[in-house]
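Enquirer: In this note's numbering, the protein residues as written are 88 to 789.
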RNA sequence: GGACUCGUAGCUCAACGGUAGAGCGCUUCGUUUACAUCGAAGAUGUUAGAGGUUCAAAUCCUCUCGAGUCCACCA
């Protein structure tokens, strides 16, 4: 054995040994209890970031339960990550002075498909570098034909049961990226804006002053609204204002929605470009066509058509000021809804989209959580989950991008009022009129719509036997940041399609932060590349750094110091093995049992027993960090620092019995450590047990 | 505006009702024979502040100050 543990020498070899030996493969086995985890599918197109290394928790569970004799399946997969990937691809196009508009749908799709296929292998190999015991023979991609078919069946079932409906509503639309988003994909940004006070002349005489942050939309106004209780405006309700510059006449209406204390107490109502106004206008039966188009330019204004929103605002303000309609502007802090990807301001625009009626789904999901059918670890997230479920609103699943699973909805164009039908297989004929050449919806599904089905969809594609045996899965382990976007939706969709919760347990891990506890971001330049860390310190060290001495579920600050500490630990483990191994070859065999030595050995075994008991207790309670800390403390500061030191001379003198009993304790600790640090433990194991055996073939004796 | 989390040793964090711990850093000492990626010994904290409950509080309660996260949102 080398005097140092050098991870780079053994990691690749050991991983392919495990893989080819089939230790990661899972099959239905009625004599065993299954233990199933579906890996949250990383973006097929992107490199892993250090956050993905947190899936170590999953490997810990998988390897632990392998050693406990369960039939463990950890199923890998990747996500097409619709909008994310298209966004990256468009950046790549831009570098070549191209854009998505240079290609037709089919070509663009094909190009992105190839782009993704090219990059897909990277992520898989990076997961291997981390040592993850994934069953690669069952790997799935969210755009595999069989997966898409299941996603289609889900959509059809929802459509047939009235859980999917099409509606024209305001959506959060990014005019730069050309797509709408669900409410969960919107990033609020606080900005210093202005509140403009604009004078609207009243036809019947007088004037009313409105306050607005979006003056350019007044050309699309349908009313001015005041609070019915507001004495200042009692007399003007029912009268009409003439919109400045464009001379259109709109009513003054009353609605208790208006806050009298804010601004001037008079609000302009622009149904096509404001969520609240949309609702109010509908209540009052008022409409006006949108004055902002999907290209982000003004339209239907007769005055600033073709201008982008901000220039139009400037232009209109200039003209209003010249004519004396603009009274003043006051600084105003406001929240701007922005695109989570490109950061541009989102435009509320009216658009027909598919929505999922979430109420019935939420009710079921809530029941599962309340009845304890789904346990959440750490416990504090149970409350979060409940609150999340309570606050869900209907889910817009239409995206105006090509990279995604195209929605299998078809429109009959023969009828006056086009009717939609949904079909899993692409129909040859219109299912409504039977004759016309129907038109398929241009849109694709929100990526979360397919990933929300991931646990049951993946297992179903493996065949009935696998599905029956491994579903529902045992644990869903993921970051707390996607509790809402993913976990909650998986519960909703999983139950809808299978009548069961998709998993019995949810375990949530924290975010990886930099050494100062700061969020990692490209702009801060503090992003840590997990593969570089593995190259430098070894996979075991990285894995250990993420779990050691942390509160499960809380954020982890990752630093080189931590990694060095864990790397030293792996080396320590290695060298304990080295010592025991070196002591093996002794020519003289002593077997002296003094009272003193006996006592030390008894003490050691007693401690070891109590350690094991605690270890299994922690593991059962999902207190993984504590389990690791326990073994760390024992093997280093008790086993090595105390017992090896005390028994060193005895072993050197060739006391085989002492050596053997030391080894037994050491081996048990290797097993306990293996889920956390698979490489070093396996490497040492093989030194003692032979090159062709694996620590994974053993089981815990409890 | 609502909710939640967190302010503990120089740094990053554990402990969550019973004498304040770890990793890294620091001081002193130690090595021919597992490991200097090591060992031994040690220093460093009125646990943000104020009040309360308790025999006992970093831990429970209230308030103040500070950091952060999520949700909702007034034009």
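Note that beta-carbon positions come from the ideal geometry of N, C-alpha and C, so glycine has one too.
(1) Spatial neighbours of residue 428 within its chain, please: C-beta separation below 8 Å, excluding the five flanking residues on both sides.
(2) If you check the beta carbons only, do residue 597 and residue 641 fall under 8 Å apart?
(3) Just to confirm, are residue 113 and residue 160 a CB contact at a threshold of 8 Å?
(4) By the three-class DSSP mapping on this structure, what secondary structure does residue 584 have?
(5) For residue 102, which residues in the same chain have their Cβ closer than 7 Å to its Cβ, ignoring the five residues on either side in sequence?
(6) For residue 577, is the classification buried or exposed, using 16 other Cβ atoms within 10 angstroms of its Cβ as the cut-off for buried?
(7) Between the Cα of residue 782 and those of 99, 155, 305, spot the shortest distance and give me the residue it belongs to.
(8) Along the chain, where does the beta strand (DSSP E) containing residue 267 start, and where does it finish?
(9) With 16 other CB atoms within 10 Å as the buried threshold, where does residue 188 fall?
(10) Between the beta-carbon of residue 359 and the beta-carbon of residue 334, is there less than 8 Å?
(11) Do residue 167 and residue 565 come within 8 Å of each other at the CB atom, strictly closer than that value?
(12) So who's on the other strand from residue 252, going by DSSP bridges?
(13) Is DSSP giving residue 419 helix, strand or coil here?
(14) So what does DSSP say about residue 123, is it helix, strand or coil?
(15) Taking the runs of the beta strand (DSSP E) that are 3 residues or longer, which of them lie wholly in the segment 290 to 316?
(16) Hey, out of 779, 282, 544, whose CA is closest to residue 234's CA?
(17) So, does the segment 712 to 723 touch the segment 620 to 638, judging by three or more C-beta pairs under 8 Å?
(18) Can you list, in chain order, the residues of its chain whose CB lies under 6 Å from that of residue 496, leaving out five sequence neighbours each side?
(19) Going by the CB atoms, is the gap between residue 255 and residue 437 shorter than 8 Å?
(20) Drop a sphere of 10 angstroms on the beta-carbon of residue 377, count the other beta-carbons inside from all chains shown, and report buried for 16 or more, exposed for fewer.
(21) Would you kindly report the start and end of the unbroken beta strand (DSSP E) that includes residue 286?
(22) I'd like the list of long-range same chain contacts for residue 468, defined as Cβ closer than 8 Å, with 5 residues on each side in sequence excluded.
(23) For residue 402 and residue 418, what's the separation of their Cα atoms in angstroms?
(24) Rank 452, 490, 487 by C-alpha distance to the C-alpha of residue 475 and give the top, closest one.
(25) Tell me the DSSP bridge mates of residue 166?
(26) Taking the alpha-carbon positions, what's the residue 702 to residue 692 distance?
(27) Does the segment 485 to 496 touch the segment 610 to 622, meaning 3 or more C-beta pairs lie closer than 8 Å?
(28) Report buried or exposed for residue 724, applying the criterion of at least 16 other Cβ atoms within 10 angstroms of its Cβ.
(29) Ends of the beta strand (DSSP E) at residue 607?
(30) Spell out a yes or no on whether the segment 246 to 253 and the segment 545 to 565 are touching, meaning 3 or more CB-CB pairs, one atom from each, closer than 8 Å.
(31) What is the rounded straight-line gap between the Cα of residue 294 and the Cα of residue 258?
(32) Out of 696, 433, 363, which one is the CA nearest neighbour of residue 396?
(33) When you compare only the Cα positions, how much space is there between residue 511 and residue 348?
(34) Return the CA-CA distance between residue 339 and residue 314, expressed in angstroms with no decimal places.
(35) Would you identify the three-state DSSP class for residue 508, choosing helix, strand or coil?
(36) Just to confirm my understanding: we take residue 382, look at its own chain, exclude 5 residues before and 5 after, and list those with CB closer than 8 Å. What are they?
Expert: On the basis of the coordinates in this document:
(1) As a working mapping, residue 428 is identified with position 341 in the first chain. Excluding residues within five positions, the ones whose Cβ falls inside 8 Å are 170, 171, 174, 261, 264.
(2) Along the first chain, one-based indexing puts residue 597 at 510. Along the first chain, one-based indexing puts residue 641 at 554. Yes, they are a contact pair.
(3) Counting from one through the first chain, the residue named residue 113 turns up at place 26. Counting from one through the first chain, the residue named residue 160 turns up at place 73. A contact, by the Cβ cut-off of 8 Å.
(4) As a position in the first chain, residue 584 is number 497, starting the count at 1. Three-state DSSP puts residue 584 in a helix.
(5) As a position in the first chain, residue 102 is number 15, starting the count at 1. Once the five neighbours on either side are set aside, the close Cβ partners of residue 102 are 215, 218.
(6) On the first chain, position 490 is the one that residue 577 refers to. Per the 10 Å Cβ criterion, buried.
(7) On the first chain, residue 782 is found 695 positions in, with the first residue counted as 1. The option with the nearest alpha carbon to residue 782 is 155.
(8) As a working note, residue 267 is residue 180 in the first chain. Segment 266 to 268, the beta strand (DSSP E) holding residue 267.
(9) The residue you call residue 188 lines up with position 101 of the first chain. It is exposed - the Cβ of residue 188 has fewer than 16 other Cβ atoms within 10 Å.
(10) Start at 1 with the first residue of the first chain, and residue 359 comes out as number 272. Start at 1 with the first residue of the first chain, and residue 334 comes out as number 247. Cβ distance not < 8 Å, so residue 359 and residue 334 don't count as in contact.
(11) As a first step, residue 565 is located in the first chain; it is residue number 478 there, counting from the start. As a first step, residue 167 is located in the first chain; it is residue number 80 there, counting from the start. Not in contact: residue 565 and residue 167 (Cβ atoms no closer than 8 Å).
(12) Translated into positions along the first chain, residue 252 becomes position 165. According to DSSP, which records beta bridges pairwise, residue 252 is partnered with 442.
(13) On the first chain, residue 419 is found 332 positions in, with the first residue counted as 1. If DSSP states are grouped into helix, strand and coil, residue 419 belongs with the strands.
(14) Here residue 123 is taken as the residue at index 36 of the first chain, counted from 1. It is a strand residue.
(15) 294 to 299, 310 to 313
(16) Numbered from 1 along the first chain, position 147 holds the residue referred to as residue 234. Among 779, 282, 544, the Cα nearest to that of residue 234 is on 544.
(17) yes
(18) For the purposes of this step, residue 496 is identified with residue 409 of the first chain, where counting begins at 1. Correct list, in chain order: 507, 509, 528.
(19) Looking up residue 437 in the first chain gives position 350. Looking up residue 255 in the first chain gives position 168. Result yes, Cβ atoms of residue 437 and residue 255 sit closer than 8 Å.
(20) For the purposes of this step, residue 377 is identified with residue 290 of the first chain, where counting begins at 1. Looking at its Cβ environment, which holds 16 or more other Cβ atoms inside 10 Å, residue 377 is buried.
(21) Along the first chain, read from residue 1 onward, the residue named residue 286 stands at position 199. Unbroken beta strand (DSSP E) run through residue 286: 273 to 288.
(22) Residue 468 sits at position 381 when you count from the first residue of the first chain. For residue 468, where only same-chain residues beyond five positions count, the Cβ hits under 8 Å are 567, 570, 593, 595, 640.
(23) One-based indexing of the first chain puts residue 402 at position 315. One-based indexing of the first chain puts residue 418 at position 331. Looking at the two C-alpha atoms, the distance is approximately 19 Å.
(24) For the purposes of this step, residue 475 is identified with residue 388 of the first chain, where counting begins at 1. Ranking 452, 490, 487 by Cα distance to residue 475 puts 452 first.
(25) Looking up residue 166 in the first chain gives position 79. Answer is 130, bridged to residue 166.
(26) Position 615 of the first chain, counted from the start, is the residue given in the question as residue 702. Position 605 of the first chain, counted from the start, is the residue given in the question as residue 692. Computed Cα separation, rounded: 15 Å.
(27) no
(28) Residue numbering aside, residue 724 sits at position 637 when the first chain is read from its first letter. Flag for residue 724 reads exposed.
(29) Numbered from 1 along the first chain, position 520 holds the residue referred to as residue 607. Note, residue 607: premise wrong, no beta strand (DSSP E); not H, not E.
(30) no
(31) Taking the first chain and counting its residues from 1, one reaches residue 294 at position 207. Taking the first chain and counting its residues from 1, one reaches residue 258 at position 171. In a straight line, the C-alpha of residue 294 is about 33 Å away from that of residue 258.
(32) Position 309 of the first chain, counting from 1, holds the residue named residue 396. Comparing Cα-Cα distances from residue 396 to each of 696, 433, 363, the minimum goes to 433.
(33) Taking the first residue of the first chain as 1, we reach residue 511 at position 424. Taking the first residue of the first chain as 1, we reach residue 348 at position 261. When rounded, the distance between both Cα atoms is 54 Å.
(34) As a first step, residue 339 must be located in the first chain, where it is residue number 252. As a first step, residue 314 must be located in the first chain, where it is residue number 227. The straight-line gap from Cα to Cα measures roughly 11 Å.
(35) The count along the first chain starts at 1 and reaches residue 508 at position 421. Here residue 508 sits in strand by DSSP.
(36) By 1-based counting over the first chain, the position of residue 382 is 295. Cβ neighbours of residue 382 beyond the five flanking positions: 262.
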